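A.B. asks:
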Ligand SMILES: Nc1ncnc2c1ncn2[C@@H]1O[C@H](COP(=O)(O)OP(=O)(O)O)[C@@H](O)[C@H]1O
Ligand SMILES: Nc1ncnc2c1ncn2[C@@H]1O[C@H](COP(=O)(O)OP(=O)(O)O)[C@@H](O)[C@H]1O
Ligand SMILES: [Mg+2]
Ligand SMILES: [Mg+2]
Ligand SMILES: [Mg+2]
Ligand SMILES: [Mg+2]
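Chains as they are written, first to last, in UniProt numbering: chain A, 1 to 123; chain B, 1 to 123; chain C, 1 to 194; chain D, 1 to 194.
Below, the structure is given as structure tokens:
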């Protein structure tokens with residue numbers, strides 16, 4: 001599944017990088033990129049930052065996770081601006097992205113991953 | 001509800017402080033304390049750090065949130081070491097603590113908060 | 001009917017109004033949000049102002065497109081992708097028609113595509129919807145706009161950050177509705193609607 | 001029967017074994033966890049060693065209590081509160097009895113109170129449970145321990161980090177089971193069970 005990557009979008013830069021650190025512990029071979037905060041580094045999200053996180057990810061198929069609703073709007077905007085295939089999950093940010101990354105690490109297929117994510121849907 | 005506080009426990013220090021930053025945006029008057037990482041600042045959790053987060057919180061009744069299962073074990077250990085009333089929620093860390101803090105900020109009672117948290121239970 | 005002149009005038013008046021009401025908009029966002037709506041819109045409109053004054057666009061579609069891109073990249077909050085998508089959809093349609101009513105309707109459709117909110121959920125949609133109806137009936141005036149903004153006060157938010165406080169959102173004007181109110185009062189002032 | 005001497009010897013042998021197998025334990029934790037179990041246990045047992053050599057405890061309850069506190073405060077991973085609670089429960093009961101079987105049973109109850117795992121979920125419980133049964137039957141030997149550790153290989157994890165990889169956890173020895181295996185082989189070596 002080296003074609004798959006994980007993208008973390010949060011309103012706060014530290015949350016995004018922190019979640020990536022948590023994930024990297026169990027998914028050393030999965031590409032994880034982040035978009036945290038606004039372009040100025042404040043609390044918020046940025047469609048352009050998200051687009052950069054898409055492009056800099058080594059994966060061509062991306063599993064994307066976000067914290068609050070307004071991040072989702074910017075994610076969907078960024079989705080329209082990239083050629084990569086982006087799957088957007090309305091699941092708990094930390095718990096969902098951790099689950100997905102752990103499963104990607106051991107080569108699980110997307111359908112199985114999505115089945116594992118289903119109970120984490122809260123948005 | 002100034003008697004209530006929020007405690008964030010994460011395996012990663014940046015996640016804990018980042019979630020506190022996110023919460024503080026909407027819940028300026030709610031006491032939020034954190035316990036992120038091990039005593040040495042590595043990835044993990046520490047019952048003693050959690051206990052400190054309990055004691056340094058301005059609230060006497062604490063709503064506690066965590067990321068992964070092993071954090072919960074240390075939370076329960078810390079619960080046995082404090083005199084404060086600690087409520088532990090098996091909900092999505094970011095989304096759950098944000099919801100609770102936003103509601104505490106506007107003076108919502110605990111029963112109503114718990115009803116709002118119920119659909120966020122994922123652990 | 002949108003022209004290069006009245007569109008630029010509209011956006012300049014909107015920018016000035018947003019800068020003047022910045023603190024008020026953030027205040028509205030404090031009890032039911034994170035208190036940044038005024039700062040968000042101020043940052044976004046300042047970028048719009050700078051882009052439009054340096055680029056000297058000569059057609060309506062590119063003015064609207066530039067506005068959209070600045071709002072998308074600079075606002076930071078939910079209002080960024082929402083207003084940004086609205087202007088993007090208006091920009092697209094403006095190469096076909098410059099009539100105000102269909103353009104605003106395309107903008108509203110963009111807001112709904114992005115945010116999935118319906119009328120009555122205490123968002124900027126609750127201003128856009130009655131304003132468009134009034135434009136279509138050729139009856140838009142300041143009172144219509146003001147009434148729509150004030151009507152959000154009694155609504156309970158079920159979308160956006162304000163939805164987190166549930167019933168407690170009742171009794172406060174929605175900040176996005178207020179900024180949309182300014183968008184439409186300055187549209188009237190700019191003479192965009194005949 | 002636990003005595004001050006054999007308890008100290010046991011913990012010292014356990015420490016030495018953990019330090020020797022540190023890399024192996026972390027390797028076991030890599031395919032089904034975060035690869036830190038050896039480091040976690042190493043850090044914890046080093047702290048236990050230091051506390052016991054400097055404090056020179058003169059009774060079994062305080063040796064076990066010190067061990068518990070060091071594991072709780074230094075390990076950092078799930079194994080910290082689990083082993084810590086086990087030793088804490090053993091410490092409490094050891095002021096009443098020094099018999100091995102009831103002490104280990106109290107420790108296991110502590111692990112289950114803390115982690116809510118049952119037999120068969122691929123955790124250290126899958127070693128503690130058969131070991132306690134063997135101690136009760138006065139039949140504990142190295143083979144029993146080894147069999148219990150190896151049996152975790154075919155289990156699917158439903159607790160702890162390994163549960164995230166579901167079926168993929170099958171085929172790997174559980175790291176916590178392996179470290180518990182060392183706990184019990186060193187217990188035999190120390191002559192704690194007569
Ligand atoms: N899903 C949505 N659909 C339509 N409008 C929305 C939605 N979510 C939020 N809004 C509008 O956005 C406004 C808040 O904007 P702003 O404060 O800039 O963003 P944020 O909430 O991210 O801080 C709200 O007052 C509301 O009018
Ligand atoms: N809920 C639980 N109950 C019993 N044992 C558990 C539980 N969760 C994890 N374990 C044990 O802990 C071991 C992992 O310990 P360690 O790697 O130190 O912690 P972490 O998983 O937090 O990194 C597992 O191999 C398993 O034996
Ligand atoms: Mg806001
Ligand atoms: Mg905001
Ligand atoms: Mg581990
Ligand atoms: Mg760990």
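Heads up, the beta-carbon is just placed ideally off N, CA and C, and yes, glycines get one too.
Just so it is clear, the structure is predicted and the values come from calculations on it, not from any experiment.
Could you work out which residues of chain C lie near residue 39/A, taking near to mean beta carbons separated by less than 9 Å?
C.D. replies: In the first chain, residue 39/A corresponds to position 39, counting from 1. Near residue 39/A (Cβ distances below 9 Å), the residues of chain C are 73, 74, 76.
A.B. asks: Which bits of chain B does residue 19/A rub up against, with CB to CB less than 7 Å?
C.D. replies: Sequence index remark: in the first chain, residue 19/A carries index 19 (1-based). Neighbours of residue 19/A on chain B, chain order: 15.
A.B. asks: Could you check whether the stretch 87 to 99 of chain B touches the stretch 61 to 75 of chain B, counting it as contact only if at least three pairs of C-beta atoms, one from each stretch, sit closer than 8 Å?
C.D. replies: yes
A.B. asks: Excluding the five sequence neighbours on either side, which residues of its own chain have a C-beta within less than 6 Å of the C-beta of residue 121/D, listed in chain order?
C.D. replies: Start at 1 with the first residue of the fourth chain, and residue 121/D comes out as number 121. Result list for residue 121/D: 158, 159, in chain order.
A.B. asks: Assuming residue 43/D contacts residue 82/D (C-beta within less than 8 Å), just tell me the rounded distance between them.
C.D. replies: For the purposes of this step, residue 43/D is taken as the residue at position 43 of the fourth chain. For the purposes of this step, residue 82/D is taken as the residue at position 82 of the fourth chain. So it is not a contact: roughly 15 Å between Cβ atoms.
A.B. asks: From what residue to what residue does the beta strand (DSSP E) around residue 83/C run?
C.D. replies: Within the third chain, residue 83/C is the residue found at index 83, counting from 1. Unbroken run through residue 83/C is the alpha helix (DSSP H), 79 to 93; no beta strand (DSSP E).
A.B. asks: Rounded C-beta distance between residue 26/C and residue 38/C? I'm assuming under 8 Å.
C.D. replies: Locating residue 26/C in the third chain gives position 26, counting from the first residue. Locating residue 38/C in the third chain gives position 38, counting from the first residue. Here residue 26/C really is in contact with residue 38/C; their C-beta atoms are around 3 Å apart, less than 8 Å.
A.B. asks: Under a CB-based cut-off of 9 Å, is residue 42/B close to chain C?
C.D. replies: Counting from 1 along the second chain, the entry for residue 42/B is found at position 42. Cβ-Cβ to chain C under 9 Å: no for residue 42/B.
A.B. asks: Excluding the 5 residues flanking residue 104/C on each side, which residues of the same chain have their C-beta closer than 8 Å to its C-beta?
C.D. replies: Start at 1 with the first residue of the third chain, and residue 104/C comes out as number 104. 90, 128, 131, 132, 135.
A.B. asks: Is there a C-beta anywhere in chain C that falls below 9 Å from the one on residue 96/B?
C.D. replies: Counted from its first residue, the second chain places residue 96/B at position 96. The beta carbon of residue 96/B sits no closer than 9 Å to any beta carbon of chain C.
A.B. asks: With burial defined as no fewer than 16 other Cβ atoms inside 10 Å of the residue's Cβ, what is the status of residue 93/B: buried or exposed?
C.D. replies: By one-based count along the second chain, residue 93/B stands at place 93. Result: buried.
A.B. asks: So, at 7 Å on beta carbons, what are the nonlocal neighbours of residue 61/C in its own chain, with the 5 sequence-adjacent residues on each side left out?
C.D. replies: Translated into the one-based positions of the third chain, residue 61/C becomes position 61. Result list for residue 61/C: 91, 94, 95, in chain order.
A.B. asks: Ignoring anything shorter than 3 residues, give me the beta strand (DSSP E) runs that lie fully in the stretch 55 to 96 of chain A, in order along the chain.
C.D. replies: 61 to 66, 85 to 89
A.B. asks: What are the boundary residues of the alpha helix (DSSP H) that includes residue 8/A?
C.D. replies: Looking up residue 8/A in the first chain gives position 8. First-last for residue 8/A: 4 to 10, but that is the beta strand (DSSP E), not the alpha helix (DSSP H).
A.B. asks: Cβ of residue 20/B within 9 Å of Cβ of residue 33/B?
C.D. replies: Start at 1 with the first residue of the second chain, and residue 20/B comes out as number 20. Start at 1 with the first residue of the second chain, and residue 33/B comes out as number 33. Yes.
A.B. asks: Exposed or buried, what is residue 107/A when buried is set at 16 or more other beta-carbons lying within 10 Å of its beta-carbon?
C.D. replies: Position 107 of the first chain, counted from the first residue, corresponds to residue 107/A. Residue 107/A is exposed by the Cβ-count criterion.
A.B. asks: Beta carbons nearer than 8 Å to chain B: which residues of the stretch 79 to 103 of chain D have them?
C.D. replies: 80, 81, 82, 84, 85
A.B. asks: Any idea if residue 36/C is buried or exposed, counting beta-carbon neighbours within 10 angstroms, 16 or more meaning buried?
C.D. replies: Counting from 1 along the third chain, the entry for residue 36/C is found at position 36. Answer is buried; the Cβ neighbour count reaches 16.
A.B. asks: When you compare the CB of residue 1/A with every CB in chain C, is at least one pair closer than 9 Å?
C.D. replies: Position 1 of the first chain, counted from the first residue, corresponds to residue 1/A. For residue 1/A, the pLDDT reaches just 47, beneath the cut-off of 50, and the residue's location in the model is therefore unreliable, leaving the point undetermined.
A.B. asks: Applying a beta-carbon distance threshold of less than 8 Å, which residues of chain B neighbour residue 114/D?
C.D. replies: Sequence index remark: in the fourth chain, residue 114/D carries index 114 (1-based). Correct list: 73, 76, 77.
A.B. asks: Could you tell me which residues DSSP puts in a beta bridge with residue 34/A?
C.D. replies: Taking the first chain and counting its residues from 1, the one referred to as residue 34/A is at position 34. 8/A, per the DSSP bridge assignment.
A.B. asks: Could you name the residues of chain A that residue 160/C contacts, counting a contact when the two beta carbons are closer than 7 Å?
C.D. replies: Translated into positions along the third chain, residue 160/C becomes position 160. Under the 7 Å cutoff, chain A gives 69.
A.B. asks: Which first and last residues belong to the alpha helix (DSSP H) in which residue 180/C is found?
C.D. replies: Here residue 180/C is taken as the residue at index 180 of the third chain, counted from 1. From DSSP, the alpha helix (DSSP H) with residue 180/C extends over 175 to 189.
A.B. asks: Which bits of chain C does residue 48/A rub up against, with CB to CB less than 8 Å?
C.D. replies: Numbered from its first residue, the first chain carries residue 48/A at position 48. Going along chain C in sequence order, the residues near residue 48/A (Cβ under 8 Å) are 72, 73.
A.B. asks: Ligand 2 heavy atoms versus the CB of residue 9/B: any closer than 8 Å?
C.D. replies: In the second chain, counting from the first residue as 1, residue 9/B sits at position 9. Because no heavy atom of ligand 2 lies under 8 Å away, the Cβ of residue 9/B does not count as near it: no.
A.B. asks: Among residues of its own chain, excluding the 5 on either side of residue 54/A, which ones have a beta-carbon nearer than 7 Å to its beta-carbon?
C.D. replies: For the purposes of this step, residue 54/A is identified with residue 54 of the first chain, where counting begins at 1. Hits under 7 Å: 7, 62, 78, 82, 84, 86.
A.B. asks: DSSP on residue 121/B, reduced to helix/strand/coil?
C.D. replies: Reading the second chain from its first residue, position 121 is the one you call residue 121/B. It is a strand residue.
A.B. asks: Give the single residue among 190/D, 184/D, 97/D whose Cα lies nearest to the Cα of residue 143/D.
C.D. replies: For the purposes of this step, residue 143/D is taken as residue 143 along the fourth chain, with counting starting at 1. Minimum Cα distance to residue 143/D is reached at 184/D.
A.B. asks: Identify whether residue 18/B lies in helix, strand or coil by the three-state DSSP scheme.
C.D. replies: Looking up residue 18/B in the second chain gives position 18. Helix at residue 18/B.
A.B. asks: Using a Cβ cut-off of 8 Å, pull out every chain A residue sitting near residue 174/D, in sequence order please.
C.D. replies: Taking the fourth chain and counting its residues from 1, one reaches residue 174/D at position 174. Ordered by position in chain A, no residue passes the 8 Å Cβ test against residue 174/D, which lies about 16 Å from the chain.
A.B. asks: Would you say the beta carbon of residue 95/A comes nearer than 8 Å to a heavy atom of ligand 2?
C.D. replies: For the purposes of this step, residue 95/A is identified with residue 95 of the first chain, where counting begins at 1. Residue 95/A: no, Cβ never under 8 Å from ligand 2.
A.B. asks: Who are the neighbours of residue 122/B on chain A, taking C-beta pairs under 7 Å?
C.D. replies: Along the second chain, read from residue 1 onward, the residue named residue 122/B stands at position 122. Result: 92, 95, 119, 120, 122.
A.B. asks: DSSP state of residue 44/C, grouped into three classes?
C.D. replies: For the purposes of this step, residue 44/C is taken as the residue at position 44 of the third chain. If DSSP states are grouped into helix, strand and coil, residue 44/C belongs with the helices.
A.B. asks: Counting only Cβ pairs nearer than 8 Å, list the residues of chain D close to residue 25/A.
C.D. replies: Reading the first chain from its first residue, position 25 is the one you call residue 25/A. The answer, in chain order, is 34, 35, 36.
A.B. asks: Is any beta-carbon of chain C found at less than 9 Å from that of residue 45/A?
C.D. replies: Mapped onto the first chain, residue 45/A falls at position 45. So yes, residue 45/A belongs to the interface.
A.B. asks: Whose C-beta lies closer than 6 Å to the C-beta of residue 123/B among residues of the same chain, with five residues either side of it excluded?
C.D. replies: Start at 1 with the first residue of the second chain, and residue 123/B comes out as number 123. Once the five neighbours on either side are set aside, the close Cβ partners of residue 123/B are 90.
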